[in-house]
Structure formats: structure tokens, C-alpha cells
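*Asks:* For the record, the sequence lines run as chains A and B.
Taking this note's numbering, I'd label the letters of the first sequence as residues 13 to 388.
Taking this note's numbering, I'd label the letters of the second sequence as residues 1056 to 1139.
Beta carbons: idealized from backbone N, C-alpha and C, even for Gly.
The following block contains the structure, expressed as C-alpha cells.
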Amino acid sequence: TFPGMPKWRKTHLTYRIVNYTKDLPRDAVDSAIEKALTVWEEVTPLTFSRIYEGEADIMIIFAVREHGDFLPFDGPGRVLAHAYPPGSGFYGDAHFDDDEQWTKDTSGINLFLVAAHELGHSLGLQHSTHREALMYPVYDPLTDLSRFRLSQDDVNGIQFLYGSPPVPPNDPAVPTESVPPEAGTPAACDPALSFDAISTLRGEILFFKGRHFWRKSFRTLEPEFHLISSFWPSLPSDIDAAYEVTSKDTVFIFKGNQFWAIRGNEMQAGYPRGIHTLGLPSTVRKIDAAFSDKEKKKTYFFVEDKYWRFDEKRQSMEPGFPKQIVEDFPGIEPEVDAVFPVFGFYYFFKGSSQFEFDPNAKKVTHVLKSNSWLNC
Amino acid sequence: YPLDRAARNKEDSMELVQQYLENYYNLAKDTKQFVRRKDSSPVVKKIQEMQKFLGLEVTGKLDSDTLEVIRKPRCGIPDVGSFS
Chain A
13 TFPGMPKWRK THLTYRIVNY TKDLPRDAVD SAIEKALTVW EEVTPLTFSR IYEGEADIMI
73 IFAVREHGDF LPFDGPGRVL AHAYPPGSGF YGDAHFDDDE QWTKDTSGIN LFLVAAHELG
133 HSLGLQHSTH REALMYPVYD PLTDLSRFRL SQDDVNGIQF LYGSPPVPPN DPAVPTESVP
193 PEAGTPAACD PALSFDAIST LRGEILFFKG RHFWRKSFRT LEPEFHLISS FWPSLPSDID
253 AAYEVTSKDT VFIFKGNQFW AIRGNEMQAG YPRGIHTLGL PSTVRKIDAA FSDKEKKKTY
313 FFVEDKYWRF DEKRQSMEPG FPKQIVEDFP GIEPEVDAVF PVFGFYYFFK GSSQFEFDPN
373 AKKVTHVLKS NSWLNC
Chain B
1056 YPLDRAARNK EDSMELVQQY LENYYNLAKD TKQFVRRKDS SPVVKKIQEM QKFLGLEVTG
1116 KLDSDTLEVI RKPRCGIPDV GSFS
């Protein structure tokens, strides 16, 4: 750590990419920075969200020579970047020398590697004397990016400052004795596993849990496991519900009385919005689960023992709702954790159980374990 | 007299090492004295401190390994001491 051990006194930090290098497409810079933040997010309680204007905790700039902090860069080579330890104003900021050739691979200077190092400084880490450490001061162009990992020295340093990632507080779905080796990450094949929300996305299925999600494609057996923030940095964790409107190629994500819209890994502008803009009454504080039936062009919102139906054509909540869930979905007991439609069935999730519901026969046709889709 | 190449390279290396030690190891910025002082104990100590930090053989001398590492691209933050 730095002298005096400066560290952030909060665990949720904001960052802003103030300008861009011309060496790379903007989205390549965006994802390099996101990935670099995820490296530290995965081993600490820290979370990051991006802002696009104003003062962020971590301001990220590309500059050449003198750039306003009395530490001018030196042209191509030698000094690549620098960053300041935690604190207000320019402290916490990271500056990249735009006289370098920034690349996605190691044909030039790899932006992800240098950003992960500099952001280590922004979080309070000084240099490491361990050659294999990310925080070693000299850039190693031979780093194998596909096998990149923090060294133990990096993890020891950052966890000395901020501790390790939180284990979900007495979450019944993850009894403490079954917490997997990397504390804080849910185990796919834990028989007690439950989900916060589930949605389809362009033919895949996303199973959300805490800060993470499993991504299940029908083309592969094994689901992938990711941090939500590694794809959508400004989305919250522990979400309530999610559903895809395929006609809009958009997934809507709900938490509390707000919802966000994502298209692929792009956050849509103009969100979050209030859930009451959909026509839900102000008495509804949050929704438990939701899905959209593309054949019927109807979206269903489940709240405790009731549900509402939204007409995607007319873009309004239908009259005559809410109704009792058991009235139209016999066998589905409230409250619903998550639900998604596929192959003409609706799959409802409650705790560690999953109920396959046939909307034509209007009955539950199968009861399974919640994690049956995760190839356990 | 025009310096011959070897002497020229030697002088470049001296400058590079001096700048490196000043930027990253808190060597006092005392430009005039560096070359003469190179064998003086403060400078030798700084060279040893740098070699130790970077995992090089601690010789106190500007051997080829040391000169190679200080020519590599790196982070602009000092390796020791505060940074503000």
C-alpha cells in the first residue's frame, strides 16, 4: 500500500472514461476498462458503476506529455501510464500516455493489462516486488492474456485493504458449509440453489444470482459463469426480475421500483425508469418475477400472490388485473422467484424447485430442481 | 572531442539510470554529481535498492541485466516512497 495506507471508505465506486485513444474503437476501450475493474471486483467487496458526466471517483483519461498534473508523460516507450491512490479530486484517477500504441492484444501495449495495474493504484495498491504480480512495475509484453490471473501477492494486498467478497448473508439457498472455495460465488450444482431472476436473451438463458449470472446456450453443455458487472457495469446485483421482449431485442431488468433495458451487452439510454410507468399501482414496491410470451404478445408481472398482464401491442397494462396467480396458473404457489418461457412452456422457480407449466393444458407438467438447466 | 560510440552509450546509460533512480527510487536530484558519484555509497545503495525491488541480482553495478530492465516500458508510479 501507499504510505499512510490511503483506501476508499466505501465499497461502491464510480468511474468515468473522460476521453478515448484513437488507437482502439471506443467499445474496445470500454470493455478493457470494465474487464480491468472486474479483476479487482472478483476478489473484494468492491463494485463499480460507470458515469458519463461529472466527477467520478476514478476519472480515466488518455493524454500526452504535460497534461495538468505536473507529471508529464515522456513520449513513446518508458512511462506508459500512472494513477493516483484513493482520495478526492485527482486522487484515484488513472492517466494513460497516448503516445503509446494501445492494443487489444500484445502487439502494442495491451490496454487491459495496464489498466488493471493502474486501477490497482487507484484502489490503494503500491508496486509489488513479485515478478509474476500484476502490480510489478515493469510491463511484461509476454503475458499470456488468455491465462491472466492476479498473483497471490496482488490478492493479499487488495484484500488487506478491503477484505474478500461478501458471502450472501444467511442466504438459505447457499448454506454456509456449502459455500464454494471462492467465497461469495454461488455453486451451480448446490441442490439448494435458488435464483433471483431468469431471462432468455437471443436464444440463450441467463440465470441471475447475487452479483453473478450463469449464461446457458443450447449449443453448449456447460453454462458460463460471469459477474453481472462484467457485462453491464451499471446494473445492480441481487435483481428481482428479468424478461426478454424478443420483438424489441431487449431484456428488461428489475430491482426495487426501478427497471433497466439492455440490448446485448449495451445498456439502453433513458433508464432506469420507475416500474409504475408500466401501469403497476403505486402500492407495488417491487415485482418478484416476470416473463413475456412472444406468441401472445403479453408480458406477465408476478407480485406476491397476484399477477398483472401487459399488452405489448398496445403498450399498456390490461384492465381486469391483478388476478390471483393460482386462478390462471393452477399448481404455481406464490411467491414466484423467477420465470421464463421456452419451447411453449413457462418454467416457474420457487426456492430450489422448478415447475414446468403447460399454458394450453393450464397445468404443471413437471417438477424439477431449479438448477436442472446448469448441467449438474 | 567527439565522444566515441562506447563512451556515448555509456553516458546515455548513466543519464537513464540517474533519471530512473530519481523518478522511482527517491534519488536526490543532483545532476552534476551523478557520474562522478556513481561509485559513491549513496548511489550504489540506490542501485542495490532498485535491483532488489525488481528481483535482479544485487551487484550495485550497472550490469547488462539492470540496464535491460530499466529500458523496459513501465508504470510511472515510484517504486518506493510517497507519490503526490
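Note down the Cα distance separating residue 258 of chain A from residue 267 of chain A, rounded to an integer number of angstroms.
*Replies:* Along the first sequence, read from residue 1 onward, the residue named residue 258 of chain A stands at position 246. Along the first sequence, read from residue 1 onward, the residue named residue 267 of chain A stands at position 255. Whole-angstrom Cα-Cα distance: 21 Å.
*Asks:* Less than 8 Å between the beta carbons of residue 51 of chain A and residue 128 of chain A, yes or no?
*Replies:* Taking the first sequence and counting its residues from 1, one reaches residue 51 of chain A at position 39. Taking the first sequence and counting its residues from 1, one reaches residue 128 of chain A at position 116. Yes, the Cβ-Cβ distance between residue 51 of chain A and residue 128 of chain A is below 8 Å.
*Asks:* Chain B beta carbons: is any one of them nearer than 8 Å to that of residue 130 of chain A?
*Replies:* By one-based count along the first sequence, residue 130 of chain A stands at place 118. So, interface residue.
*Asks:* Taking only runs that begin and end inside the region 1106 to 1138 of chain B, name each unbroken alpha helix (DSSP H) of 4 or more residues, in chain order.
*Replies:* Counting only runs of 4 or more, we get 1119 to 1125.
*Asks:* Determine, using beta carbons only, whether residue 93 of chain A comes closer than 8 Å to chain B.
*Replies:* Numbered from its first residue, the first sequence carries residue 93 of chain A at position 81. With 8 Å as the cut-off, residue 93 of chain A counts as an interface residue toward chain B.
*Asks:* Can residue 273 of chain A be considered in contact with the ligand GDP, in the sense that its beta carbon sits closer than 7 Å to one or more heavy atoms?
*Replies:* Although the ligand GDP was asked about, the structure shown includes no ligands whatsoever.
*Asks:* Starting from residue 354 of chain A, follow its DSSP beta bridges and name the residues at the other end.
*Replies:* Taking the first residue of the first sequence as 1, we reach residue 354 of chain A at position 342. Residue 354 of chain A pairs with A:357.
*Asks:* Does the Cβ of residue 225 of chain A have 16 or more other Cβ atoms within 10 Å, making it buried, or fewer, making it exposed?
*Replies:* Position 213 of the first sequence, counted from the start, is the residue given in the question as residue 225 of chain A. Classification of residue 225 of chain A: buried, given that the 10 Å Cβ count is 16 or more.
*Asks:* Kindly indicate if chain B contains any beta-carbon less than 8 Å away from that of residue 155 of chain A.
*Replies:* Position 143 of the first sequence, counting from 1, holds the residue named residue 155 of chain A. No, residue 155 of chain A lies away from the interface with chain B (no Cβ there is under 8 Å from its Cβ).
*Asks:* Anyone know if the C-beta pair for residue 352 of chain A and residue 303 of chain A falls short of 8 Å?
*Replies:* Position 340 of the first sequence, counted from the start, is the residue given in the question as residue 352 of chain A. Position 291 of the first sequence, counted from the start, is the residue given in the question as residue 303 of chain A. In this structure, residue 303 of chain A lies closer than 8 Å to residue 352 of chain A by Cβ.
*Asks:* So residue 1134 of chain B contacts chain A; which residues on that side make the cut at Cβ distance below 7 Å?
*Replies:* Residue numbering aside, residue 1134 of chain B sits at position 79 when the second sequence is read from its first letter. In chain order: 139, 149.
*Asks:* By a C-beta neighbour count over all protein chains shown, 10 Å radius and 16 as the cutoff for buried, is residue 1130 of chain B buried or exposed?
*Replies:* As a position in the second sequence, residue 1130 of chain B is number 75, starting the count at 1. When all chains shown are included, residue 1130 of chain B counts as buried.
*Asks:* Enumerated in chain order, which unbroken segments of the alpha helix (DSSP H) with a length of 4 residues or greater are wholly contained in the region 106 to 155 of chain A?
*Replies:* Segments of the alpha helix (DSSP H) lying fully in the region 106 to 155 of chain A: 123 to 134.
*Asks:* Starting from the Cα of residue 107 of chain A, find the closest Cα among A:58, A:265, A:29, A:339 and give me that residue.
*Replies:* Numbered from its first residue, the first sequence carries residue 107 of chain A at position 95. Checked all of A:58, A:265, A:29, A:339; the closest Cα to residue 107 of chain A is A:29.
*Asks:* Establish whether the CB of residue 1076 of chain B and some CB of chain A are separated by less than 8 Å.
*Replies:* Position 21 of the second sequence, counted from the first residue, corresponds to residue 1076 of chain B. For residue 1076 of chain B, the answer is no, since every Cβ of chain A falls outside 8 Å of its Cβ.
*Asks:* What does the alpha-carbon distance come out to for the pair residue 286 of chain A and residue 219 of chain A?
*Replies:* For the purposes of this step, residue 286 of chain A is taken as residue 274 along the first sequence, with counting starting at 1. For the purposes of this step, residue 219 of chain A is taken as residue 207 along the first sequence, with counting starting at 1. Cα to Cα, residue 286 of chain A sits roughly 23 Å from residue 219 of chain A.
*Asks:* According to a CB-to-CB cut-off of less than 8 Å, which residues of the region 62 to 86 of chain A neighbour chain B?
*Replies:* The residues in question are 83, 85.
*Asks:* Within 8 Å of any Cβ in chain A, is that where the Cβ of residue 1109 of chain B sits?
*Replies:* For this step, residue 1109 of chain B is matched to residue 54 along the second sequence. Judged by the 8 Å Cβ criterion, residue 1109 of chain B is in contact with chain A.
*Asks:* Indicate the three-state DSSP secondary structure (helix, strand or coil) for residue 27 of chain A in the structure shown.
*Replies:* In the first sequence, the residue the question calls residue 27 of chain A occupies position 15. If DSSP states are grouped into helix, strand and coil, residue 27 of chain A belongs with the strands.
*Asks:* Quick check on the DSSP output: the beta strand (DSSP E) that includes residue 226 of chain A runs from which residue to which?
*Replies:* For the purposes of this step, residue 226 of chain A is taken as residue 214 along the first sequence, with counting starting at 1. Taken as a continuous stretch (DSSP letters only), the beta strand (DSSP E) holding residue 226 of chain A covers 224 to 228.
*Asks:* Could you check whether the Cβ of residue 1115 of chain B sits closer than 8 Å to any Cβ belonging to chain A?
*Replies:* Locating residue 1115 of chain B in the second sequence gives position 60, where the first residue counts as 1. Not an interface residue.
*Asks:* With distances taken Cα to Cα, identify the nearest neighbour of residue 376 of chain A among A:283, A:382, A:366, A:270.
*Replies:* Translated into positions along the first sequence, residue 376 of chain A becomes position 364. The shortest C-alpha separation from residue 376 of chain A is found at A:366.
*Asks:* Tell me whether the region 102 to 120 of chain A and the region 25 to 39 of chain A touch, counting them as touching only if at least three CB pairs, one residue from each stretch, are closer than 8 Å.
*Replies:* The answer is yes - the region 25 to 39 of chain A touches the region 102 to 120 of chain A, with three or more Cβ pairs under 8 Å.
*Asks:* Does the Cβ-Cβ distance between residue 341 of chain A and residue 330 of chain A come in under 8 Å?
*Replies:* Translated into positions along the first sequence, residue 341 of chain A becomes position 329. Translated into positions along the first sequence, residue 330 of chain A becomes position 318. No, Cβ-Cβ distance for residue 341 of chain A and residue 330 of chain A is not below 8 Å.
*Asks:* Using CA atoms only, rank isn't needed, just tell me which of A:251, A:337, A:277, A:221 is closest to residue 243 of chain A.
*Replies:* By 1-based counting over the first sequence, the position of residue 243 of chain A is 231. Among A:251, A:337, A:277, A:221, the Cα nearest to that of residue 243 of chain A is on A:277.
*Asks:* Using CA coordinates, which residue listed in A:362, A:379, A:381, A:358 is at the minimum distance from residue 370 of chain A?
*Replies:* Here residue 370 of chain A refers to the residue found at position 358 when the first sequence is read from its first residue. Of the candidates A:362, A:379, A:381, A:358, the one whose C-alpha sits nearest the C-alpha of residue 370 of chain A is A:358.
*Asks:* Just checking: is the beta-carbon of residue 169 of chain A within a distance shorter than 8 Å of some beta-carbon in chain B?
*Replies:* Stepping through the first sequence from its first residue, residue 169 of chain A is reached at position 157. Residue 169 of chain A does not count as touching chain B.
*Asks:* Going by alpha carbons, who is nearest to residue 280 of chain A out of A:289, A:291, A:263?
*Replies:* Start at 1 with the first residue of the first sequence, and residue 280 of chain A comes out as number 268. Looking at the Cα atoms, A:263 is the closest of the given residues.
*Asks:* With H, G and I counted as helix, E and B as strand and the rest as coil, what does DSSP make of residue 303 of chain A?
*Replies:* For the purposes of this step, residue 303 of chain A is identified with residue 291 of the first sequence, where counting begins at 1. Three-state result, residue 303 of chain A: strand.
*Asks:* Note down, in chain order, every chain B residue with its Cβ under 8 Å from the Cβ of residue 133 of chain A.
*Replies:* Taking the first sequence and counting its residues from 1, one reaches residue 133 of chain A at position 121. The contacting residues are 1130, 1132.
*Asks:* Looking at the structure shown, is residue 385 of chain A part of a helix, part of a strand, or coil, going by DSSP?
*Replies:* In the first sequence, residue 385 of chain A corresponds to position 373, counting from 1. Reduced to three states, the DSSP call for residue 385 of chain A is helix.
*Asks:* Please confirm whether residue 186 of chain A has its beta-carbon closer than 8 Å to some beta-carbon of chain B.
*Replies:* Residue mapping note: residue 186 of chain A aligns to position 174 of the first sequence, counting from 1. Any reading at residue 186 of chain A must be qualified, since the residue scores a pLDDT of 39, below 50, and its modelled position is unreliable; no value is offered.
*Asks:* For residue 52 of chain A, does the three-state DSSP call read helix, strand or coil?
*Replies:* On the first sequence, residue 52 of chain A is found 40 positions in, with the first residue counted as 1. In this structure, residue 52 of chain A counts as helix in the three-state DSSP scheme.
*Asks:* In angstroms, rounded to a whole number, what distance separates the CA positions of residue 164 of chain A and residue 177 of chain A?
*Replies:* In the first sequence, residue 164 of chain A corresponds to position 152, counting from 1. In the first sequence, residue 177 of chain A corresponds to position 165, counting from 1. When rounded, the distance between both Cα atoms is 15 Å.
*Asks:* Can you tell which of A:120, A:78, A:72, A:53 has the C-alpha that lies nearest to the C-alpha of residue 1128 of chain B?
*Replies:* Here residue 1128 of chain B is taken as the residue at index 73 of the second sequence, counted from 1. Ranking A:120, A:78, A:72, A:53 by Cα distance to residue 1128 of chain B puts A:120 first.
*Asks:* With DSSP run on the structure shown, which of helix, strand or coil describes residue 314 of chain A?
*Replies:* On the first sequence, residue 314 of chain A is found 302 positions in, with the first residue counted as 1. Residue state, collapsed to three classes: strand.
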